Each structure stands twice: as structure tokens, then as C-alpha cells.
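Residue numbers (the working numbering): 20 to 131. Heads up, the beta-carbon is just placed ideally off N, CA and C, and yes, glycines get one too. None of these values were measured; they are calculated from a predicted model.
(1) Buried or exposed, going by whether 16 or more other CB atoms sit within 10 Å of the CB of residue 32?
(2) Is it true that the segment 97-104 meets the segment 39-52, where meeting means three or more beta-carbon pairs spaced less than 8 angstroms apart?
(3) Which partner residues of residue 92 appear in the DSSP bridge assignment?
(4) Could you tell me the boundaries of the alpha helix (DSSP H) in which residue 35 lies?
(5) Using the Cα positions of residue 76 and residue 95, report the straight-line distance between them to the nearest angstrom.
(6) So for residue 47, helix, strand or coil by DSSP?
(7) In whole angstroms, what separates the C-alpha of residue 40 from that of residue 122?
(8) I need the DSSP call for residue 101, collapsed to helix, strand or coil.
(9) Round the Cβ separation of residue 120 and residue 89 to the nearest angstrom and send it over; I've been treating them as touching at under 8 angstroms.
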């Protein structure tokens with residue numbers, strides 16, 4: 020078997036820790052590409068997405084866009100009745116656009 024890449028190892032480690040600590044809370048999952056950033060709140064118990072936001076239709080892919088997506092996602096989550104989540108950064112480092120999205124989601128009313 021091939022060794023896992025550093026990204027895959029980080030993703031596995033993060034998700035394993037989340038499963039142990041989630042306590043039934045929904046998961047705020049972040050995916051980042053060179054051009055876009057995607058975020059969604061997933062209810063793993065029921066297996067469906069509660070709220071989602073991305074930069075596909077918007078201008079800009081920088082930190083300002085990540086802040087905008089974090090606020091949009093938090094607003095949609097609060098409308099759906101969710102205030103507490105666990106943050107799933109996947110294999111991405113908590114830095115730059117990922118951190119900006121997380122901080123904006125906290126400002127928007129999500130607790131994690």
C-alpha cells in the first residue's frame with residue numbers, strides 16, 4: 020500500500036478527533052481550492068447538509084471572499100436553528116482563508 024500524503028494524514032487525524040469530540044453537534048466542513056472556497060454545515064446524524072456557501076458565483080477568491088462566505092454560512096445556520104458546530108478544517112492548515120472563514124462564522128453567531 021502506498022503511504023498517505025501529508026494532506027490525507029492531516030484530514031484523517033482531524034476527522035478522527037472530531038468524531039470523538041462532536042457530541043452530536045453538526046460539522047462545519049471547509050474545502051479550499053486555488054480559485055474558490057466552499058463551506059457547509061453537515062448534520063452527520065441525519066446525513067444531510069443544513070447550510071452551504073461558496074465563492075463560485077462571486078468575484079474574488081481572497082481573504083475578503085472567505086470572510087463573506089463565513090458570514091453567509093453563519094446567517095443561514097442561525098436561520099436553520101443551529102448555533103453550535105464543530106469546525107472541520109479537513110487537511111487544510113488553520114491559516115489564511117480557512118482562518119478568516121472560521122473567524123467570520125464566529126462573528127456571525129456560530130460557536131465552536
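This is what the structure holds:
(1) What you label residue 32 is simply residue 13 of the chain shown in a count that begins at 1. Classification for residue 32: exposed.
(2) yes
(3) For this step, residue 92 is matched to residue 73 along the chain shown. Answer is none; residue 92 lacks a bridge partner.
(4) For the purposes of this step, residue 35 is taken as residue 16 along the chain shown, with counting starting at 1. Here the alpha helix (DSSP H) through residue 35 covers 25-40.
(5) Working through the chain shown from its first residue, we reach residue 76 at position 57. Working through the chain shown from its first residue, we reach residue 95 at position 76. Their Cα atoms are separated by approximately 17 angstroms.
(6) As a first step, residue 47 is located in the chain shown; it is residue number 28 there, counting from the start. Correct three-state label for residue 47: strand.
(7) Numbered from its first residue, the chain shown carries residue 40 at position 21. Numbered from its first residue, the chain shown carries residue 122 at position 103. Rounded to the nearest angstrom, the two C-alpha atoms are 20 angstroms apart.
(8) For the purposes of this step, residue 101 is taken as residue 82 along the chain shown, with counting starting at 1. Reduced to three states, the DSSP call for residue 101 is coil.
(9) Position 101 of the chain shown, counted from the start, is the residue given in the question as residue 120. Position 70 of the chain shown, counted from the start, is the residue given in the question as residue 89. Sure, about 4 angstroms apart at Cβ, within 8 angstroms.
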